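Residue numbers (mature numbering (1 follows the signal peptide of the UniProt record, and there is no 0)): -21 to -1, 1 to 123.
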């Protein structure tokens, strides 16, 4: 019996930078990944964007989510978002386990209002007696 878990979250933050003339700029980032081994799988993704207009005003958004599934073990997935006046941060973690076999994925996304963006995903899967499979994906952008 399959046990899927799916969780997603989105937040929109609007902030104001000091009022001074700047060039308008915008940027987006995103990363995601999946891991699978045996009867387990886990996936996460994160996306972020920010825009700054000529008068220095900014608007930013972020979204993150993940899912995990297993044929006969335990699957869990969770996402959380944090916001403060300077940045948005999202994180998703998904993991599926079936005895000694497991798959997991983690994505962390940061958006500094009107400045820089970063999203990193790490995945890992393992079957007992075999070498673990791991990968990392990173996306970065900086507004000039």
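Glycine is no exception: its CB is placed at the ideal position from the N, C-alpha and C atoms.
As the structure is a prediction and not an experimental result, all values here were calculated from the model.
- Message: Please return the same chain residues whose Cβ sits closer than 6 angstroms to the Cβ of residue 28, not counting the five positions on each side in sequence.
- Response: 7, 40
- Task: Name the residue from 32, 86, 16 whose alpha carbon lies nearest to the alpha carbon of residue 4.
- Result: 32
- Query: Which partner residues does residue 78 have in the DSSP bridge list?
  - Reply: According to DSSP, residue 78 bridges with nothing at all.
- Query: What does a CB cutoff of less than 6 angstroms around residue 87 pick up in its chain, not counting 5 residues either side in sequence?
  - Reply: 70, 99
- Task: Note down the Cα distance separating residue 52 from residue 78, rounded to an integer number of angstroms.
- Result: 7 angstroms
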